Amino acid sequence: MMIRLTIAAALLASAAPAWAETHSIAAGEGAQERLQEALILAQPGDEIVLAAGRYAISDGLSLDVDGVTIRGEGMDETVLDFTGQQGSGEGLLVTSDNVTMRDFALENPKGDGVKSKGADNIIYQRIRVTWTGGPKATNGAYGIYPVESDGVLIDGCKVSGASDAGIYVGQSNHITVRNSIAEANVAGIEIENSRNALVTHNVATRNTGGILVFDLPNLPVMGGGNVIVENNLVVANETPNFAPPGNIVAGVRRGTGILVMANDRVLIQDNILSRNPTAPIMIVAYTQGFDDPRYNPLPRNVVVGANLIEGGGYDPQMEGAEMLLAAFGGELPPVMWDGLGAPGTVRIAPGITGWNLNLPEQGKGLTGATPGPLQAPPPEDIFYREGIGAPAALEARLAG
Amino acid sequence: MKHFGVFAAAALALAGAVAVSATPAGSVDEAAIRDDAMPRVLSAYGFFADACAQVPGKGVTAYRLNTPLFSDGAEKLRFVYVPAGAQAQAQAHGEGLLNLPVGSALIKTFAFGEGDTRRLIETRVLLHRDSGWVALPYLWNEEQTEAKLAVAGARVALKTPGGEQISYRVPNKNQCKECHGLDGAVVPIGPKARNLSKDWLADMVSAGHLDTLPDGADTLPMWEDRASASAQAAARAYLDVNCAHCHRPGATASNSGLDLRWEQNDPHALGIGKRPVAAGRGAGTHLFDIVPGKPEESILVHRMLSEDPGVAMPELGKATVDDDGVAAVRRWIEEMSAQ
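Chains as they are written, first to last, in the numbering used here: chain E, 5 to 404; chain G, 23 to 361.
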């Protein structure tokens with residue numbers, strides 16, 4: 005009896021409170037004010053339901069209440085249209101914990117799409133962010149943008165046109181990005197200064213670079229690593245870089261499939277990579293100079309397991325490309341390492357070939373490069389996965 | 023003694039605001055400040071003896087900041103209320119922020135136009151409750167008789183002092199927190215000793231509203247006298263007041279790594295030679311936040327000069343470019359080359 009009671013109590017505690025309310029919003033006159041008011045007045049456990057329709061939004065929306073669900077009737081049915089946005093740096097800002105967003109879209113936000121900051125255990129499910137004019141430097145930077153958060157689950161989302169990264173997870177921990185499509189962004193999916201990220205079953209196509217995993221200096225949160233990139237389709241990332249020049253991703257070379265920069269313990273396996281003409285897989289040190297004693301600019305413990313790779317760097321966007329192509333018989337091997345980091349930094353499964361820029365020094369560009377074939381040891385038997393990915397408890401909040 | 027205190031406060035309030043002949047009859051409803059509710063109208067608080075003329079009521083004191091936040095050129099009328107029998111503490115918070123006791127309120131009215139044509143647009147209140155500070159925006163009616171709670175904010179068409187016709191944004195309740203949020207809590211930004219005058223603080227002490235005169239008063243230059251201040255002092259004061267509530271650790275833009283607080287002395291944290299992190303197209307064609315000697319190549323100036331959402335900084339609270347602010351920051355960056 006005692007046990008039963010405890011279970012019942014636990015169930016009650018984990019479910020939405022009995023008094024949770026549903027706030028229904030429909031498109032039309034005053035929709036923005038009605039929606040924003042609901043976002044402000046909601047209580048923990050409440051649901052905000054957006055009816056199908058197109059919502060003209062002129063200002064950034066924001067949510068700061070824990071445990072709220074915002075859901076539409078589908079990413080093609082419920083559309084928040086920010087084409088006429090007049091203020092704010094993003095379309096929707098979430099700053100509270102345990103928030104679930106699903107089944108709606110944002111179009112043409114002036115800055116970022118959905119940004120969640122310091123918002124732990126957040127779920128983005130079947131959210132679409134689209135800049136409808138295609139790739140343009142005037143598009144906003146990030147489509148889906150969780151930052152400084154512990155517990156991030158992104159599932160079934162779709163982002164295109166971001167002038168920086170479609171799906172960008174920054175300075176966060178315990179992350180899963182899966183079943184999502186990143187198309188025609190500068191960077192498709194980016195894991196930056198983050199730990200314990202699982203990037204799986206996504207499609208990254210027509211971006212400048214498909215999936216990027218890296219660490220930057222001088223940020224509040226550093227020491228990125230423990231990242232698994234597996235079972236992704238990374239194809240035809242051939243869009244010329246359209247990022248504004250000041251951005252770190254402006255340095256991403258067209259035709260980069262999966263890039264690892266200045267990160268520790270990264271596993272890349274069971275992906276399908278095709279038509280990533282600079283390098284299907286690129287492993288490098290941070291390319292710029294820096295002044296931050298906490299920062300390690302080198303890649304460490306990067307494992308390239310078995311991947312299905314069609315073609316290598318057949319049209320590299322790189323200085324001396326013609327000479328390189330000639331030296332390697334018309335096409336560069338699919339895995340590129342810049343040679344910075346200790347010997348054994350990169351492990352590669354048998355059957356996958358690589359080349360090494362053999363750079364002598366970090367932060368000096370390609371100066372002194374002596375390219376040659378990459379001799380890398382094979383992966384060790386086990387890649388320790390414990391703690392990587394979003395907390396399992398988030399799964400229970402997903403809609404079927 | 024108590025009577026004297028109330029009288030002194032009222033007299034001070036009048037000295038700091040519009041001169042009227044009679045002692046105001048209004049008195050503040052402390053329950054409205056402290057209770058866990060959102061009063062629908064501004065008059066519920068009783069902050070004003072004459073709200074339309076912005077004459078404060080009993081116990082409500084007007085103040086100004088040496089260097090103010092730019093809000094499209096709005097005239098800003100600031101008031102503080104400290105509950106009877108309580109005192110603010112001079113030394114309690116970081117950065118010299120006065121520690122106002124529970125039951126206190128900060129009131130700020132935004133107005134455009136002068137003299138008879140002055141129109142009150144909105145009044146923002148910060149209420150110190152047992153649960154912490156709460157920020158609420160109130161929108162004035164056309165008749166200027168009442169301001170109503172506008173949790174979702176509003177847009178108002180108006181003309182700035184510079185003659186620009188704009189769609190002025192009244193922030194929603196959450197947007198209040200975007201600037202006032204620090205480590206997850208809402209906090210006041212303005213009333214820091216360094217940005218308040220010694221005389222005003224001394225008056226607050228004599229009125230019994232403040233326990234003691236804080237150190238560091240009048241550190242930031244008076245904005246209208248900035249030409250006689252050093253380029254560095256004027257620019258750093260401007261950046262502290264206009265940017266550092268977000269661009270600092272624990273606040274909305276902490277992830278940028280940019281820290282523009284007055285007390286920050288690390289050049290990199292201030293943006294000198296710092297590359298952008300998540301600026302997106304906000305960076306324009308530039309590579310660094312600040313390039314010494316080259317304001318035209320500095321992202322900071324580029325974003326201050328923009329009116330385009332997604333590029334413009336600050337992101338909230340303004341729709342136009344602050345030419346004076348840009349000039350002050352420009353002058354500072356230009357002088358860096360001489361160092």
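Cβ atoms here follow ideal geometry from the backbone N, Cα and C, with glycine treated the same way. Computed from a predicted model, the values in this text were never measured in an experiment.
Closer than 8 angstroms, CB to CB, is G/Q187 near chain E or not?
For G/Q187, the answer is no, since every Cβ of chain E falls outside 8 angstroms of its Cβ.
Between E/Y146 and chain G, is any beta-carbon pair separated by less than 8 angstroms?
It does: the Cβ of E/Y146 has a partner Cβ on chain G nearer than 8 angstroms.
My parser needs the beta strand (DSSP E) runs of 3 or more residues fully inside the region 270 to 322 of chain E; what are they?
The region 270 to 322 of chain E contains these whole beta strand (DSSP E) runs: 276 to 278, 283 to 288, 304 to 308, 312 to 314.
I'd like to confirm the pairing. Which residues does DSSP put opposite E/N177 in its beta bridges?
E/N177 pairs with E/D154, E/R199.
What did DSSP end up calling E/R75 once you bin it into helix, strand or coil?
E/R75 falls in the strand class under three-state DSSP.
Does any residue of chain G bring its CB to less than 8 angstroms from the CB of E/E409?
Nothing in the structure corresponds to residue 409 of chain E, since chain E is present only between 5 and 404.
Relative to the C-alpha of G/N217, which residue among G/A224, G/G118, G/H150, G/G315 is closest?
Checked all of G/A224, G/G118, G/H150, G/G315; the closest Cα to G/N217 is G/G118.
Since E/W359 and E/P375 are thought to touch, with beta carbons under 8 angstroms apart, how far apart are those beta carbons, to the nearest angstrom?
E/W359 to E/P375, Cβ: 6 angstroms. Contact.
Measuring alpha carbon to alpha carbon, tell me which residue in E/R279, E/N300, E/V238 is nearest E/I272.
The shortest C-alpha separation from E/I272 is found at E/V238.
Report all residues from its chain with a CB closer than 6 angstroms to the CB of E/E234; omit the five preceding and five following residues, and keep chain order.
Hits under 6 angstroms: T204, Q273, D274.
Just grab the DSSP bridge partners of E/T360 for me.
According to the sequence shown, residue 360 of chain E is Asn rather than Thr. According to DSSP, E/N360 bridges with E/W341, E/G376.
With 7 angstroms as the C-beta to C-beta threshold (strictly closer), list the residues of the region 166 to 179 of chain E near chain G in chain order.
Against chain G - using a Cβ distance shorter than 7 angstroms - the residues of the region 166 to 179 of chain E are S167, D168, G174, Q175.
So with Cβ pairs under 8 angstroms, would you call G/Q286 a contact of chain E?
Not one chain E Cβ lies under 8 angstroms of G/Q286.
Looking at the structure shown, is G/V178 part of a helix, part of a strand, or coil, going by DSSP?
G/V178: strand per DSSP, three-state reduction.
Which term fits E/Y59, buried or exposed, when burial requires 16 or more other beta carbons within 10 angstroms of its beta carbon?
Buried, by the Cβ-count rule.
On the DSSP letters alone, give me the boundaries of the alpha helix (DSSP H) that G/Y260 sits inside.
Note, G/Y260: alpha helix (DSSP H), 253 to 264.
Find the nearest neighbour of G/A291 within the set G/E357, G/L158, G/F310, judged by alpha-carbon distance.
The shortest Cα separation from G/A291 among G/E357, G/L158, G/F310 belongs to G/F310.
Determine the DSSP secondary structure at E/G57, reduced to helix, strand or coil.
Residue state, collapsed to three classes: strand.
From E/V103 to E/Q366, what distance separates their C-alpha atoms?
Distance between the alpha carbons of E/V103 and E/Q366: 41 angstroms.
Give a yes or no on whether the minimum CB-CB distance between G/R283 and chain E is below 8 angstroms.
G/R283 does not count as touching chain E.
Indicate whether E/E194 and E/L216 have their beta-carbon atoms separated by less than 8 angstroms.
A contact, by the Cβ cut-off of 8 angstroms.
I want to verify the contact list: residues of chain G whose CB lies under 9 angstroms from the CB of E/P249, in sequence order.
The answer, in chain order, is A305, G306, T307, H308, L309.
Can you tell me whether DSSP reads G/W155 as helix, strand or coil?
G/W155 falls in the strand class under three-state DSSP.
Shortest alpha-carbon distance to E/L312 belongs to which of E/W341, E/S278, E/C161?
Among E/W341, E/S278, E/C161, the Cα nearest to that of E/L312 belongs to E/S278.
Does DSSP classify E/G255 as helix, strand or coil?
Three-state DSSP puts E/G255 in a helix.
How many Å lie between G/G206 and G/A273 at the Cα?
Straight-line Cα distance between these residues: approximately 8 angstroms.
Between the region 104 to 112 of chain E and the region 290 to 306 of chain G, do three or more beta carbon pairs fall short of 8 angstroms?
In short, these stretches do not touch, since the Cβ pair count stays below three.
Quick one: residues in its chain with C-beta nearer than 7 angstroms to the C-beta of G/I294, no 5 flanking neighbours on either side, listed in chain order?
The answer, listed in chain order, is I312, P314.
Kindly indicate which three-state DSSP category E/G147 falls into: helix, strand or coil?
Strand, per DSSP.
What do you get for G/C268, buried or exposed, if any count of 16 or more other CB atoms within 10 angstroms of its CB means buried?
G/C268 should be labelled buried.
Can you check whether the CB of G/A84 is closer than 8 angstroms to the CB of G/R423?
Nothing can be reported for residue 423 of chain G: it is not among the residues displayed for chain G, which extend from 23 to 361.
Would you call the CB atoms of E/N236 and E/R210 closer than 8 angstroms?
No. Outside cutoff.
Do E/D68 and E/T99 come within 8 angstroms of each other at the CB atom, strictly closer than that value?
Cβ atoms of E/T99 and E/D68: closer than 8 angstroms.
What are the uninterrupted segments assigned as alpha helix (DSSP H) that are 4 or more residues long and contained completely in the region 275 to 350 of chain G, given in chain order?
Within the region 275 to 350 of chain G, the complete alpha helix (DSSP H) runs of at least 4 residues are 321 to 326.
Can you give the Cα-Cα distance for E/G315 and E/P338, rounded to whole angstroms?
In a straight line, the C-alpha of E/G315 is about 7 angstroms away from that of E/P338.
I believe G/P271 touches E/P224 by the beta-carbon criterion, under 8 angstroms. Please report the beta-carbon distance rounded to the nearest angstrom.
Contact holds; Cβ gap of about 7 angstroms.
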